[in-house]
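Residue numbers (my numbering): 160 to 465.
Here it is in structure tokens:
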């Protein structure tokens with residue numbers, strides 16, 4: 160027995176199907192070599208919903224560091240890694256009291272720090288594309304500060320991806336392993352400021368040269384990246400029922416979500432122009448000349464009923 164999607168759109172002509180999401184590419188042709196600002200976060204846990212408990216940044220000429228009062232408990236695993244603990248009203252690092260700021264003040268201070276660069280910096284971090292960027296985005300978005308933050312940076316570079324390209328074949332690309340292999344040193348990992356000092360040396364002072372400056376155009380990504388990922392994940396959630404019922408493959412749902420489409424937009428195209436409307440939407444060409452989702456005819460009808 161097939162279940163037909165009920166559209167439930169009271170005034171379909173009043174809703175618009177959005178434009179394809181802009182990736183927000185950095186203008187690489189016009190870009191001169193910007194200052195590099197290495198940054199790192201320590202957090203209450205390892206999920207992307209974790210709170211920031213330490214934020215630090217390090218460049219050739221300046222440093223920034225602040226401890227932040229979290230709204231959620233610090234997990235035991237995070238405490239073991241960061242050595243940041245809460246004891247009564249005291250916040251401790253390595254059993255010594257440190258001054259914590261409330262998130263809004265700490266983030267305001269960080270944006271002020273960024274604004275003082277004469278040229279907008281590139282933010283560099285290790286594994287930031289998968290973790291730190293999203294944590295920082297969540298914190299800034301909560302206080303409606305992300306646009307202001309973006310106005311003071313050129314973009315991000317994930318040093319993990321750079322080192323995999325520059326030094327292929329290593330058994331580990333963790334920062335501690337890279338420091339050991341390329342700098343022949345050990346250090347106190349998981350203190351944000353110390354992490355930054357060592358990462359800055361890794362990306363500027365090894366036998367590989369300045370690996371960030373030499374590879375900027377290949378690895379820089381837009382400040383909009385975590386925002387776009389957030390939207391894409393929200394879009395993908397709308398396809399859950401259709402994926403579970405195998406009306407839409409997860410791969411095609413991901414492609415649609417990344418194209419700024421929700422399931423309601425597919426339904427809307429059907430409501431307005433039937434299968435022809437759906438076909439026109441899913442097979443539309445992007446600015447790069449690629450098919451938006453699919454041009455396979457047999458898939459269109461499965462998207463209408465399941």
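Glycine residues also receive a C-beta, built at the ideal position from the N, C-alpha and C atoms.
N-terminal and C-terminal residue of the beta strand (DSSP E) that residue i is part of
| i | result |
| --- | --- |
| residue 223 | 222-227 |
| residue 250 | 249-252 |
| residue 216 | 211-217 |
| residue 337 | Where residue 337 is concerned, there is no enclosing beta strand (DSSP E), although the alpha helix (DSSP H) it sits in stretches over 334-337. |
| residue 282 | 281-284 |
| residue 316 | 314-317 |
Residue i to residue j span [Cα, whole Å]
| i | j | result |
| --- | --- | --- |
| residue 188 | residue 319 | Because the pLDDT of residue 188 is 46, which lies under 50, any placement of that residue in the model is unreliable, and the number read from its coordinates should be weighed accordingly. Residue 188 and residue 319: Cα-Cα distance of roughly 24 Å. |
| residue 250 | residue 282 | 28 Å |
| residue 337 | residue 287 | 16 Å |
| residue 311 | residue 276 | 8 Å |
| residue 247 | residue 239 | 18 Å |
| residue 198 | residue 437 | 44 Å |
| residue 289 | residue 427 | 33 Å |
| residue 244 | residue 315 | 30 Å |
| residue 358 | residue 453 | 42 Å |
| residue 433 | residue 443 | 16 Å |
| residue 231 | residue 252 | 17 Å |
| residue 417 | residue 404 | 21 Å |
| residue 335 | residue 322 | 13 Å |
| residue 343 | residue 274 | 35 Å |
| residue 419 | residue 398 | 13 Å |
| residue 441 | residue 346 | 52 Å |
| residue 235 | residue 254 | 15 Å |
As assigned by DSSP and simplified to three states, the class of residue i
| i | result |
| --- | --- |
| residue 429 | helix |
| residue 161 | At residue 161, the pLDDT of 32 sits below 50, so the modelled position is not reliable; the number obtained from the coordinates is stated separately. In the structure shown, residue 161 sits in coil (DSSP, three-state: anything other than H, G, I, E or B). |
| residue 241 | helix |
| residue 202 | strand |
| residue 395 | helix |
| residue 323 | helix |
| residue 246 | strand |
| residue 189 | With a pLDDT of 45 at residue 189, under the threshold of 50, the modelled position of that residue is not reliable, and no figure is offered here. |
| residue 481 | Residue 481 is absent from the structure shown; the chain starts at 160 and stops at 465. |
| residue 413 | helix |
| residue 235 | helix |
| residue 385 | helix |
| residue 371 | coil |
| residue 407 | coil |
| residue 343 | coil |
| residue 402 | helix |
| residue 444 | strand |
| residue 390 | helix |
Residue span of the alpha helix (DSSP H) that contains residue i, given as start and end
| i | result |
| --- | --- |
| residue 362 | 351-363 |
| residue 295 | 291-301 |
| residue 266 | 262-274 |
| residue 307 | 305-309 |
Nearest neighbour of residue i, chosen from the options [CA to CA]
| i | options | result |
| --- | --- | --- |
| residue 209 | 339, 239, 412 and 291 | 291 |
| residue 414 | 271, 394 and 317 | 394 |
| residue 421 | 335, 271, 280 and 402 | 402 |
| residue 406 | 425, 418 and 219 | 425 |
| residue 369 | 341, 396, 389 and 386 | 341 |
| residue 201 | 382, 433 and 350 | 350 |
| residue 220 | 196, 441, 203 and 206 | 196 |
| residue 386 | 296, 204, 216 and 206 | 296 |
| residue 233 | 218, 257, 212 and 269 | 212 |
| residue 363 | 217, 261, 203 and 439 | 217 |
| residue 278 | 301, 293, 313 and 261 | 313 |
| residue 207 | 348, 255 and 392 | 392 |
| residue 205 | 228, 269 and 294 | 294 |
Chain B contact for residue i (CB, 8 Å cutoff)
| i | result |
| --- | --- |
| residue 330 | Any reference to chain B falls outside this structure, which holds one protein chain only. |
Count the C-beta pairs between the region 352-363 and the region 261-274 that are closer than 8 Å, then say yes if the count reaches three, no if not. no
The region 214-230 contacting the region 370-383, beta-carbon criterion three pairs below 8 Å: no
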